[in-house]
Amino acid sequence: MENVELKEGYSFRFFGNKTFAIENTRDHIVYCPFCYNQVLVSDSKCGVCNKNIPESIYFHSDDQTWIASGNETV
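According to the numbering used here, the sequence shown is numbered sequentially starting from 997.
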């Protein structure tokens, strides 16, 4: 699990078995939720930050953070 930052003007959306960042005004383009580089829905890893696209991202209300899970390398 790893913390991710939700940038203003973006949200997280689940596509297939991965969760990406999307711009609220352009929800057909997906971005890496870690570095916000544009990626393809078929990508399993970001070509810029080299992190795996996570399976899910959820809000942890206790400390007001977003947590990515399922992105660990095996």
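Glycine included, each C-beta is placed from N, C-alpha and C at the ideal position.
From a predicted model like this one, the values you see are computed outputs, not experimental measurements.
Inset, instruction - Would you verify that the beta carbon of CYS1031 is, or is not, closer than 7 Å to some beta carbon of chain B? - result: Among the protein chains of the structure shown there is no chain B, as only one such chain exists.
Inset, instruction - Could you tell me if VAL1044 is buried or exposed, where buried requires 16 or more neighbouring beta carbons within 10 angstroms of its beta carbon? - result: exposed
Legend entry - Residue span of the beta strand (DSSP E) that contains THR1061, given as start and end: 1061-1065
Inset, instruction - Could you say which of VAL1026, TYR1006, PHE1030 lies nearest to ASN1020 if we only look at CA atoms? - result: TYR1006
Legend entry - As assigned by DSSP and simplified to three states, the class of ASN1046: coil
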